[in-house]
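One structure is given below, encoded as C-alpha cells.
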Amino acid sequence: MILKELNEILKSVVSEVAKEHSVQINPEIEKQIIFEISPDNTRGDYASSCCLKLSKIFGKSPRELAEIIKSLIADKRITEIKVEGPGFINIFISAEQKYELLKNVLKAGDSWGKSNDSSGKVLLEFVSSNPTGPLHVGHGRGAVLGMALANLLENIGFKVTKEYYVNDAGRQISILTSSIILNAYVEDFISEGTYEGDYIKSLASEFKDGFGDLDKEINLGKLDEDKDIRLDSIASYLQESFYELWVKAREFSVDKILEIIKSDLHSFGIIHDNWFKESSLGKANASDSDLSKSLKIIDEKGHTFEKDGAKWFNTTAFGDDKDRVLLRENGEPTYYLTDVGYHKNKIDRNYDHYINIFGADHHGYIPRLTSAFNVMKKDNQEIEFLLYQLVNLYEDGIKKIMSTRRGEFYSLSDLREELGPDVIKFFFLEKKSDHTMDFDMDLAKDESKNNPYFYAQYAYVRCCSILSKASYDPNKEIDANEIASCYEIVSKAINYPVFIKEYALERSPHSLVHFIKEFSAAFHSFYEKSPVITDNEVISNSRLLITVLTKQILKNSFNTLNVTPLEKM
RNA sequence: GCGCCAGUAGCUCAGCUGGAUAGAGCAGUAGCCUUCUAAGCUAUUGGUCGGGGGUUCGAAUCCUCCCUGGCGCGCCA
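Note that this note's numbering has the first sequence beginning at -4, numbered continuously upward.
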C-alpha cells in the first residue's frame, strides 16, 4: 500500500530531523506522523498535519518545519509536494503512478481490501435471542450488524467464530413449555403471561399430533391471581405430574423455535458457526461444570462474600454500581452466574478477542460481565461490547406498532417478506448501531435515487450494463490523465484497503455504507459526463478501466455488508 | 436519584483518538433525455454544530456545569 510506504518515509524523515535538532519523539506523538487521504484533489492525494503537531517540540513554526521535512522527502511516485495553509504538507502522485497502483486493484480482484494486517482469534457473539419465538425487527439489526462486523474483521485477518448463545434453560423456557402444553391439551386457561401467537398454536397442534393424547386429564385446579405465581405453579404441576410430556414438550418447543430462528437468519444470509446451549454449562454444584469452575476462580481470588444467605461477587470493585448475587439464598444460580459460567467456557476456548453484540437495553449488564471476565481471563484476552438501539418502523409516515396484546407481532420475517432482505440489511447498517433508528418503509420500497440502497445498486447495474457491451483490455493503450481525472473513484479504489481496515478497527460497518453511497455518487457523476463507449479507443479503454474498478470496489463492499449486488434492475 | 447513549441545515443522518472554508441525501429553487438504463446528472438556497464556562496556536471534536430526548438501574431472564 502506497499510504503505508509514504508514512514510513515521513516517519524516517521526521526522525532524521529530530536527531539533528536533538528532539525526543515519544510514541504518542509518533503515531501522529502520518499522511491522510485527501478527500478532493485540490490538496493533493495525501496530506499530513504532523508539522502542526510537532512544531512545539521542535521549537519551530509549523510552516518552517514543514519546509524542512518537504525538502527531505523523496520518492519517485511523488510529482509535487507543497506546504500549504498553516503548515500542511500536501503531496501529489503522478497519473502514471496511479495507473500502476490501479493494476494492483485489478490483480487482487475480489480480495482487494483484504489483508493480514491483524491476526488473532475473535469470538463474536450476536443475536442470542431467547428461543421463545421468532426474531423481531430489533433482533434483525443486531444480526445484520454482527454479520457485517464478522466480515470486516475477517477482511483484515482476524479469524472469527460467530456464536449464538441459546438460553434453553430457565424460567422463560418453562413458560414456553407450559404454553405449548396448555395450547395443545387444555380447552380453556388464563393466557395472561403465557406465550401466544399463531406460531405457538401451530407448534402446539404439531406437538399433539406427534405425542398423542394424554392418559390422564390435566387439572390445573385453583390458581393464584398473581400472574407469576400462577405461571410457576402451572410449570411445577406439569413437570411433576406429566414428567415425560414436560420433557418432550420442552425439547420439541426449543428445537422447533430454534429452527424458526435459524431460518429467519438464513434468509438474511446470516450463518452462525456455533450454537452454544446454556443447558450445557452444567449445574453449579457439579464439580467440573463451567458454573462451578467460574465460582471457584472468583472465590479463590477473593472477590466473593456471603450476605443474607446468598453468595455475592463484589463487582463494585471493578466499577459496577452494585455488587451482584451469584448464588441465591436457596442455593440456585442466578442468571448472572450462568452468564459468568458461559464466559468462563468462552475463555477456556482460548480466543484473543471477545466481542458481544447486545441490545442497548442490556447496557447495564456490561460492567458486571466485564468484571467477571477480567477476573477469569487469561493474559492478553480482552472483551468488548457493541450495542444496538431500537428500530422504529414508519409506514405512510406513521410509526408502526410492532406488537399487540395477543402476542402477535410484526416480525423480522414479516418485514423481509415485504421488502426483501438486502434493502433491510443496507438500511440497518446505514446508521450507527448505537443510535435509535427510524426505518422508513416507504423509502425502502422506493425505486429511485431517494432510496440510497437503489441508488448504490443502480451504480453497480450501470457498470454491469456497460461491461456487457464492451470490455477493458489491459493490453491496449490507456490515457493516464483521463483515468486520474476521476479523482474520487481512483483514490477510493487505490486506498480501499485503508478504509476497510479503519472500518473494521472502529467496528463501524455504517462507515462502509457511507463509503458505498459516496462511491456510487462519484460513479453516477462520471457516467453522466463521460460516455464510456466512444469512437476514441484510448479514451474508451481508460473509462472502461474506471468502470471495471467501480464494479470491483462496489462488489467487494456489498459482499462485506452481506448484501448481494444486482447485475440488472 | 444514579448510570449509558444521543442533541449538527426544515427532515433523515455523516464527521467526534483536536487541524486547512462544518459534509451528504431528501425537501426548496433553476437547468439537463435523437447518445452505455433520466431508476440519473448539474447548479443553487439553507447551519450561533442544544446552552454556558474552560483547556490552546487551533474545539462540532477534549474537560466541566446546565437543558432536552431514549434506554437501564431485581436473589427476573
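Glycine included, every Cβ here is placed at the ideal spot set by N, Cα and C. Here the structure is a predicted model, which is why all the values come from computation and not from measurement.
In whole angstroms, what is the alpha-carbon distance linking K217 and D163?
Note on geometry: alpha-carbon atoms of K217 and D163 lie some 29 Å from one another.
Whole beta strand (DSSP E) runs in the segment 82 to 125 with 3 or more residues, listed along the chain?
With a minimum length of 3 residues, the continuous beta strand (DSSP E) runs that stay inside the segment 82 to 125 are 83 to 88, 116 to 120.
Relative to the C-alpha of S408, which candidate in L322, C458, S258 has its C-alpha closest?
Nearest C-alpha to S408 among L322, C458, S258: S258.
Exposed or buried, what is P22 when buried is set at 16 or more other beta-carbons lying within 10 Å of its beta-carbon?
Its Cβ having fewer than 16 others within 10 Å, P22 is exposed.
What whole-angstrom Cβ distance do T555 and A103 have, given they're in contact under 8 Å?
About 14 Å separates the beta carbons of T555 and A103, which is beyond the 8 Å limit, so they are not a contact pair.
Name the two residues that bound the continuous alpha helix (DSSP H) containing I461.
Where I461 is concerned, the enclosing alpha helix (DSSP H) starts and stops at 447 to 462.
Since F271 is in the beta strand (DSSP E), which residue starts that stretch and which ends it?
Secondary structure note for F271: its beta strand (DSSP E) is the uninterrupted segment 269 to 272.
My output table needs one value for K278: the three-state DSSP class, helix, strand or coil.
Under the three-state reduction of DSSP output, K278 falls in the coil class, being neither helix nor strand.
Return the first residue and the last residue of the alpha helix (DSSP H) that M436 is part of.
Per DSSP, the continuous alpha helix (DSSP H) segment holding M436 begins and ends at 436 to 440.
Sub-8 Å separation of I350 and L381 beta-carbons:
For I350 and L381, yes; Cβs fall inside 8 Å.
Which runs of the alpha helix (DSSP H) fall wholly inside the segment 230 to 311 and span at least 4 residues, in chain order?
Those alpha helix (DSSP H) runs which fall completely within the segment 230 to 311 and span 4+ residues are 238 to 261, 285 to 295.
Pull up the distance between the alpha-carbon of L364 and that of L290, whole angstroms please.
Taking C-alpha positions only, L364 is separated from L290 by approximately 14 Å.
So, using beta-carbon positions, are I175 and L226 closer together than 8 Å?
Between I175 and L226, the C-beta gap is not smaller than 8 Å, which leaves the two residues out of contact.
Using the C-alpha atoms, what's the distance from E91 back to W107?
Those two C-alpha atoms are separated by around 20 Å.
Out of F494, S486, N536, which has the shortest C-alpha to C-alpha gap to L97?
Closest option to L97, Cα to Cα, is S486.
Are Y383 and D316 touching if we call contact CB-CB under 8 Å?
Contact: no.
Output yes or no for whether 8 Å exceeds the beta carbon distance between M397 and L388.
Judged by beta-carbon spacing, L388 lies within the 8 Å limit of M397, meaning their Cβ atoms are closer than that value.
Within 10 Å of its beta-carbon, does Q27 have 16 or more other beta-carbons around it, so buried, or fewer, so exposed?
Exposed.
Counting C-beta neighbours from all protein chains within 10 Å, is the total for T622 16 or more, i.e. buried, or is it exposed?
The chain is shown only over -4 to 564; residue 622 falls outside these bounds and no answer can be derived.
Exposed unless 16 or more other CB atoms sit within 10 angstroms - verdict on N85:
N85 comes out buried.
Rank H348, E412, E149 by C-alpha distance to the C-alpha of F263 and give the top, closest one.
Ranking H348, E412, E149 by CA distance to the CA of F263 puts E412 first.
Apart from the five residues on each side of it in sequence, which residues of its chain come closer than 6 Å, Cβ to Cβ, to Y346?
Non-local C-beta neighbours of Y346 in its own chain, meaning closer than 6 Å and more than five positions away in sequence, comprise K116, L118, ordered along the chain.
Going by the DSSP bridge assignment, what does Y349 pair with across the sheet?
Paired residues: L118, I378.
In the DSSP assignment, the beta strand (DSSP E) including Y331 goes from what residue to what residue?
It is not in any beta strand (DSSP E) - Y331 instead sits in the alpha helix (DSSP H) that spans 330 to 343.
Buried or exposed: where does Y238 fall if 16 or more other Cβ atoms within 10 Å of its Cβ makes it buried?
By the neighbour-count criterion, in which 16 or more other beta carbons inside 10 Å mark a residue as buried, Y238 falls on the exposed side.
Which one of V122, L60, C481, R166 has the shortest CA to CA distance from L540?
L540 has its Cα closest to that of C481, out of V122, L60, C481, R166.
Could you check whether the segment 417 to 429 touches the segment 503 to 511, counting it as contact only if at least three pairs of C-beta atoms, one from each stretch, sit closer than 8 Å?
Pairwise C-beta distances place the segment 417 to 429 in contact with the segment 503 to 511, as three or more of them are shorter than 8 Å.
Count the C-beta pairs between the segment 180 to 192 and the segment 141 to 161 that are closer than 8 Å, then say yes if the count reaches three, no if not.
No: the two stretches stay apart, fewer than three of their Cβ pairs being nearer than 8 Å.
Considering only residues of the same chain and omitting the five flanking positions on each side of V139, which have a CB-CB separation below 8 Å?
Within the same chain, F263, I265, I419, K420, F423, L424, N557 come within 8 Å of V139 by CB-CB distance, once the 5 residues on both sides are set aside.
Please classify F300 as buried or exposed, where buried requires at least 16 other C-beta atoms within 10 Å of its C-beta.
Per the 10 Å Cβ criterion, exposed.
To the nearest angstrom, report how far apart P526 and E472 are at their CA atoms.
P526 and E472 have their C-alpha atoms spaced approximately 18 Å apart.
Would you mind sorting I478 into buried or exposed? The rule is 16 or more other CB atoms within 10 Å of its CB.
Counting the other Cβ atoms within 10 Å of the Cβ of I478 gives 16 or more, which makes it buried.
What is the rounded straight-line gap between the Cα of V242 and the Cα of I185?
The C-alpha of I185 is placed about 22 Å away from the C-alpha of V242.
C-beta contact flag for I352 and G133 at 8 Å:
Pairing I352 with G133 gives a Cβ-Cβ distance that is not under 8 Å.
When you compare only the Cα positions, how much space is there between E483 and S56?
Taking the Cα positions, E483 is about 32 Å away from S56.
From N490 to I32, what distance separates their C-alpha atoms?
Approximately 8 Å, taken between the alpha carbons.
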